[in-house]
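Structure, as structure tokens:
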Amino acid sequence: MSVVTRVLNLGKRTCRTQVPRILGRRLESTYVRPATGVNSTYDEALKVIDEYKAQITAEADAAARELKQAQDSGASDENVSELKKRWFDLAVESEIRDSEVLWNAKMGKFDLSRPVYQHLKQKAWLARPLEVLMQRLLQMFVLPDLMDPRIVGIPESQLKITMSGAQEAIEPGVVIDPKEAREQLGIELVTFREESRLHTLVMVDLDEPFEEQQTFREQFHWVAANLPFSMTKTTADFAEGDVLLPYIPPHPAKGTPTHRYAVVAFEQGDAGQTRISGVEASRDMVLHEFATKHSLRPVGISFFRATWNESVDEVYRDILNLPPPSFGSMPKPHKNIGPDGRKISAYENY
438 MSVVTRVLNL GKRTCRTQVP RILGRRLEST YVRPATGVNS TYDEALKVID
488 EYKAQITAEA DAAARELKQA QDSGASDENV SELKKRWFDL AVESEIRDSE
538 VLWNAKMGKF DLSRPVYQHL KQKAWLARPL EVLMQRLLQM FVLPDLMDPR
588 IVGIPESQLK ITMSGAQEAI EPGVVIDPKE AREQLGIELV TFREESRLHT
638 LVMVDLDEPF EEQQTFREQF HWVAANLPFS MTKTTADFAE GDVLLPYIPP
688 HPAKGTPTHR YAVVAFEQGD AGQTRISGVE ASRDMVLHEF ATKHSLRPVG
738 ISFFRATWNE SVDEVYRDIL NLPPPSFGSM PKPHKNIGPD GRKISAYENY
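At the far end of the sequence shown sits residue 787, using this note's numbering, and the numbering has no gaps.
This is the structure we're talking about:
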């Protein structure tokens, strides 16, 4: 390992303080950068890091100029793509050892207009959050009950669900009080792509009772299409898209098991450039059929769960204009009770 590499790694280690959590909230940093003029080795390390950063920054600026010239001259898409990747990698390398950048990333503060934060955001997503999401999707049978896992693959975009009035996104698979989702959900989708692409968001209940067949089926709660997302535009603005099915809150019926509510983000056709129009959507569609028909590709997914309480009955009465249903097990036949409900005497025969 070269001296420069060891010094650069030292720069990385200056900001590796663990961030404690209390009830999901991060504590403020107590980290104080060491003073200069005290340790000559530390001062020399900072000098090497600054010189290296200046060198890579100059290379990144040159790569940015070369990229602009290629774009202005009408170079091929392949050439532009290669130049863009080279510039991005150099821009990341020029700031990746900055202690302030690393600490902001630790604290969850990402300025996604800067390549280094885009890189760190994706790196953070591909670590623990993606692992937890996939584990819960499979353990709770959201996949394959909702879609074929081979079609979904590994989600390439990070989808977060926020309840109305909440500051933090919910963890995948948590059980919520149905009244927390009475208002339309807030959706954040980080696509890790610089260019804007159109997406369709769908919310589905996987456990709607289907009395005719004594089983469960999907019920669509919400469909919104033509929503633009990019690396820097991550919050869903439904005024920019088209709502194909208005949002209805979760309403798990009394007596039914815990319901799973999945929110899926689909990239629209032609790499997110095709708009969806003239679509007739219904609550009883099948998700994979809907996606296939409109050339939708799943790129992000999350879910939560809910069970019945008294607030659900208000949804049936006030929003759905239906009497609240109640489900339960069939009564067991009693050998001492006749068809007319009258107790059978020990000396009577039916």
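C-beta atoms are modelled at their ideal positions from N, C-alpha and C, and glycine is treated no differently.
Residue of the options minimising C-alpha distance to residue i
i: VAL641; options: MET668, ALA728, SER531; result: ALA728
i: ILE624; options: PRO615, ILE738, LYS772; result: ILE738
i: LYS597; options: GLN705, TRP540, PHE675, ILE607; result: ILE607
i: VAL485; options: SER531, GLU515, ASP526, LYS521; result: SER531
i: ALA564; options: LYS521, ALA718, GLN595; result: GLN595
i: LEU681; options: ALA673, ASP707, ALA718, PHE703; result: ALA718
i: PHE741; options: PRO770, HIS696, VAL716; result: HIS696
i: GLY590; options: VAL529, MET600, MET571; result: MET571
i: TRP745; options: PRO686, ALA708, GLU726; result: PRO686
i: ARG619; options: ASP582, TRP659, GLU649; result: TRP659
i: TYR684; options: ASP674, PHE657, ASP509; result: PHE657
i: PHE578; options: PRO609, ALA603, ASP707, SER550; result: PRO609
i: MET544; options: ARG551, SER550, LYS558; result: LYS558
i: GLU632; options: PHE647, LYS521, TYR554, TRP562; result: LYS521
i: PRO615; options: PRO689, ASP777, SER536, ARG754; result: PRO689
i: ARG712; options: MET722, HIS731, ASP721; result: HIS731
i: LEU714; options: ASP548, LEU664, SER763, ILE588; result: According to the sequence shown, residue 714 is Ser rather than Leu. Out of ASP548, LEU664, SER763, ILE588, LEU664 has the C-alpha closest to the C-alpha of SER714.
i: ALA708; options: VAL639, LEU635, ALA676, PRO776; result: LEU635
i: ASP721; options: LYS780, SER766, VAL639; result: VAL639
i: GLU726; options: VAL569, TYR554, MET584, SER518; result: MET584
i: TYR554; options: ALA603, TYR753, PHE525; result: PHE525
i: SER766; options: PHE666, VAL752, GLU648, ASN773; result: GLU648
Cross-strand partners of residue i (DSSP beta bridge)
i: PRO814; result: The requested residue 814 does not occur in the structure, where the chain is confined to residues 438 to 787.
i: PHE653; result: PRO646
i: GLU530; result: Answer is none; GLU530 lacks a bridge partner.
i: ALA702; result: LEU638, GLY737
i: ILE624; result: ILE598
i: LEU682; result: VAL660
i: ILE774; result: LYS780
i: LYS809; result: In the structure displayed, the chain extends from 438 to 787; residue 809 sits before or after that span and is not available.
i: THR711; result: Partner(s): none; THR711 has no beta bridge.
i: THR672; result: GLU625
i: ARG697; result: ARG742
Where residue i falls, given that 16 or more other Cβ within 10 Å makes a residue buried
i: PRO694; result: exposed
i: ARG458; result: Because ARG458 carries a pLDDT of 35, less than 50, the predicted location of this residue cannot be relied on, and the following value inherits that uncertainty. Under this definition ARG458 is an exposed residue.
i: ASN758; result: exposed
i: ALA743; result: buried
i: ILE493; result: buried
i: THR478; result: exposed
i: HIS771; result: exposed
i: PRO760; result: exposed
i: ILE533; result: buried
i: LEU504; result: buried
i: THR652; result: exposed
i: GLU605; result: exposed
i: LEU580; result: buried
i: SER782; result: exposed
i: THR628; result: buried
i: LEU574; result: buried
i: VAL749; result: buried
i: VAL611; result: exposed
i: GLU747; result: exposed
i: ASP644; result: buried
i: GLU655; result: buried
i: PRO776; result: exposed
i: LEU460; result: For LEU460, the pLDDT reaches just 36, beneath the cut-off of 50, and the residue's location in the model is therefore unreliable, leaving the point undetermined.
i: ALA603; result: exposed
i: PRO390; result: Only positions 438 to 787 of the chain appear in the structure, and residue 390 is not among them; the question remains open.
i: VAL569; result: exposed
i: PRO471; result: exposed
Presumed contact (8 Å Cβ cut-off) between residue i and residue j, rounded CB distance
i: THR669; j: LEU626; result: Contact flag wrong, Cβ pair sits at about 12 Å.
i: GLU593; j: VAL700; result: 16 Å between Cβ atoms; not a contact.
i: GLY678; j: ALA662; result: 6 Å
i: LEU733; j: GLN705; result: 6 Å
i: THR599; j: LEU622; result: 7 Å
i: LEU527; j: ALA500; result: 5 Å
i: HIS556; j: VAL529; result: 5 Å
i: SER763; j: LYS691; result: 4 Å
i: GLN508; j: VAL517; result: 6 Å
Residue i: CB within 8 Å of a non-hydrogen atom of the ligand ZN
i: TRP745; result: With respect to the ligand ZN, the structure shown offers nothing to examine, as it has no ligands at all.
Counting only runs of 4+ residues fully inside the region 547-621, write out the alpha helix (DSSP H) ranges in chain order.
-> 552-563, 565-576, 579-582, 586-589
Every unbroken beta strand (DSSP E) inside the region 714-747 [3 residues or more] = 734-743
What runs of the alpha helix (DSSP H), each 4 residues or longer, lie entirely inside the region 475-543?
-> 477-509, 514-532, 536-543
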